[in-house]
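A.B. asks: Numbered per UniProt numbering, the sequence shown spans residues 1 to 232.
Built from N, CA and C at the ideal position, the CB exists for glycine as well.
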Amino acid sequence: MQEAMIKICGVRKVYRIGTEKVIALDRIDADIQKGEICCIFGTSGSGKSTLLNQLAGMEKPTEGKIVIDSVDITKLREEKMAAFRQKHIGFIFQSYNLLPYMTALENTALPLMFQGYGKKEREARAARLLKMVGLGERLSHYPSQMSGGQQQRVGIARAFAAKPDVIFADEPTGNLDTKTTAQIMEMVLAFARENQQTIVLVTHDPEMASYADRILTLIDGNIVKDERKDKK
Ligand SMILES: Nc1ncnc2c1ncn2[C@@H]1O[C@H](COP(=O)(O)OP(=O)(O)OP(=O)(O)O)[C@@H](O)[C@H]1O
Ligand SMILES: [Mg+2]
1 MQEAMIKICG
11 VRKVYRIGTE
21 KVIALDRIDA
31 DIQKGEICCI
41 FGTSGSGKST
51 LLNQLAGMEK
61 PTEGKIVIDS
71 VDITKLREEK
81 MAAFRQKHIG
91 FIFQSYNLLP
101 YMTALENTAL
111 PLMFQGYGKK
121 EREARAARLL
131 KMVGLGERLS
141 HYPSQMSGGQ
151 QQRVGIARAF
161 AAKPDVIFAD
171 EPTGNLDTKT
181 TAQIMEMVLA
191 FARENQQTIV
201 LVTHDPEMAS
211 YADRILTLID
221 GNIVKDERKD
231 KK
């Protein structure tokens with residue numbers, strides 16, 4: 001059998017605030033396969049963002065390990081982790097996180113800076129991605145000159161620009177209406193399926209979760225359900 005793209009082994013995360021102890025994650029075990037669209041689903045405070053932060057190496061778990069593409073990321077120091085992220089991981093944020101002083105084209109091309117592409121090639125690739133998300137006419141627009149849905153489409157183009165193996169998305173359509181959410185999710189799925197990329201999608205919204213192949217439900221820091229569905 002193929003090695004899982006992401007292996008989560010016995011992950012526990014405890015936060016301490018003074019004498020208070022918060023067990024945000026406990027005994028998390030899961031394998032996520034290459035090309036899987038996996039949703040981490042649960043109510044507010046269930047530990048979704050905490051789990052995503054551990055998977056993306058933004059924080060280290062208190063116990064357990066996380067292996068991505070055969071690399072134990074819990075062992076990587078900050079600098080190596082940053083390099084690993086640039087090479088393997090893309091992000092889509094709820095608040096888009098575009099740089100305000102950069103155009104749609106420049107924002108999309110940014111992750112390619114770390115991949116050794118020349119400027120011309122970066123911009124050609126970014127322009128192609130922006131056309132694919134329907135923003136061919138907005139290349140030189142700044143974030144403030146675009147709607148929320150348009151900004152998130154730039155966010156998607158940026159996330160996929162460097163062809164990362166894994167894309168992490170935390171409530172990526174949390175600020176958008178139902179119709180725009182559907183469009184955005186269809187785009188994400190189409191991109192991911194084309195290149196067999198793995199998506200880990202965090203949401204509290206059952207409608208969003210329905211786009212996934214697999215739903216891991218969290219309650220109080222534990223996985224209580226692991227469902228696989230027919231592809232949409
Ligand atoms: N840095 C931190 N320090 C202390 N406690 C934290 C920290 N981050 C998260 N927690 C706690 O861990 C638990 C899980 O939080 P988390 O942010 O993962 O929830 P979530 O499922 O993403 O919720 P939401 O849907 O509201 O974003 C919560 O009880 C939260 O208070
Ligand atoms: Mg959260």
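Should Val202 and Ile40 be called a contact, given that it needs their Cβ atoms to be closer than 8 Å?
C.D. replies: Yes, Cβ-Cβ distance for Val202 and Ile40 is below 8 Å.
A.B. asks: I believe Val47 touches Asp29 by the beta-carbon criterion, under 8 Å. Please report the beta-carbon distance rounded to the nearest angstrom.
C.D. replies: Here the sequence assigns Gly to residue 47, which means Val is not the residue at that position. That belief does not hold up - the Cβ atoms of Gly47 and Asp29 are roughly 14 Å apart, past 8 Å.
A.B. asks: For ligand 1, is there a heavy atom less than 7 Å away from the beta-carbon of Ser95?
C.D. replies: Answer for Ser95: no, Cβ out of range of ligand 1.
A.B. asks: Hey, out of Glu194, Leu218 and Gln150, whose CA is closest to Asp205's CA?
C.D. replies: For Asp205, the nearest C-alpha among the options comes from Leu218.
A.B. asks: Grab the span of the alpha helix (DSSP H) containing Asn222 for me, first residue to last.
C.D. replies: Asn222 -> not in any alpha helix (DSSP H); beta strand (DSSP E) instead, spanning Asn222 to Arg228.
A.B. asks: Taking 8 Å as the cut-off, decide whether the C-beta atoms of Ile167 and Leu176 are in contact.
C.D. replies: Contact flag unset, no.
A.B. asks: In whole angstroms, what is the alpha-carbon distance linking Leu130 and Asp213?
C.D. replies: Leu130 and Asp213: Cα-Cα distance of roughly 26 Å.
A.B. asks: What number of angstroms, rounded off, separates the C-alpha of Gly42 from the C-alpha of Leu105?
C.D. replies: Distance between the alpha carbons of Gly42 and Leu105 is about 35 Å.
A.B. asks: Helix, strand or coil, according to DSSP, for Phe93 in the structure here?
C.D. replies: DSSP places Phe93 in coil when its eight states are reduced to three.
A.B. asks: Report the rounded CA-to-CA distance for Gly174 versus Gln94, giving the unit in angstroms.
C.D. replies: Spanning the two alpha carbons is a distance of roughly 6 Å.
A.B. asks: Among all the DSSP beta bridges, which residues are the ones paired with Tyr15?
C.D. replies: Its beta-bridge partners are Val22.
A.B. asks: Going by the CB atoms, is the gap between Thr108 and Ala161 shorter than 8 Å?
C.D. replies: Yes, the pair counts as a contact, with Cβ atoms nearer than the cut-off.
A.B. asks: What are the partner residues of Ala202, as DSSP defines its beta bridges?
C.D. replies: Looking at the sequence provided, one finds Val at residue 202 rather than Ala. In the DSSP output, where bridge partners are listed per residue, Val202 has Ile40 and Asp170.
A.B. asks: Rank Cys38, Thr62, Gly57 and Thr19 by C-alpha distance to the C-alpha of Asp26 and give the top, closest one.
C.D. replies: Comparing Cα positions, the closest option is Thr62.
A.B. asks: At a threshold of 7 Å, does Asp177 count as lining ligand 2 (C-beta to nearest heavy atom)?
C.D. replies: For ligand 2, not one heavy atom lies less than 7 Å from the Cβ of Asp177.
A.B. asks: State buried or exposed for Leu99, treating a residue as buried only when at least 16 other CB atoms are found within 10 Å of its CB.
C.D. replies: The residue is exposed, with fewer than 16 neighbouring Cβ atoms inside 10 Å.
A.B. asks: In whole angstroms, what separates the C-alpha of Val14 from that of Asn97?
C.D. replies: Cα to Cα, the separation comes out at about 28 Å.
A.B. asks: Mind checking who Glu186 pairs with in its DSSP beta bridge?
C.D. replies: DSSP lists no partner for Glu186.
A.B. asks: Just checking Asp170 against ligand 2 - is the residue's beta carbon closer than 7 Å to any of the ligand's heavy atoms?
C.D. replies: At least one heavy atom of ligand 2 is nearer than 7 Å to the Cβ of Asp170, so yes.
A.B. asks: What did DSSP end up calling Lys7 once you bin it into helix, strand or coil?
C.D. replies: Looking at Lys7 - three-state DSSP - the assignment turns out to be strand.
A.B. asks: Hey, quick one: how far does the beta strand (DSSP E) through Glu63 stretch, first residue to last?
C.D. replies: Unbroken beta strand (DSSP E) run through Glu63: Glu63 to Ile68.
A.B. asks: If Arg138 sits next to Met146, beta carbons under 8 Å apart, how far is it from one beta carbon to the other, in whole angstroms?
C.D. replies: Right, the Cβ-Cβ distance comes to about 6 Å (below 8 Å), so this counts as a contact.
A.B. asks: Excluding sequence positions up to five away, which residues of its chain have a Cβ less than 8 Å from the Cβ of Arg193?
C.D. replies: So the qualifying residues of the chain are Gly35.
A.B. asks: Any heavy atom of ligand 1 inside 7 Å of the beta-carbon of Val22?
C.D. replies: Within the cutoff, so yes.
A.B. asks: Under 8 Å between the Cβ atoms of Gly90 and Ala4?
C.D. replies: Their beta carbons are not under 8 Å apart, which means Gly90 does not touch Ala4 by this criterion.
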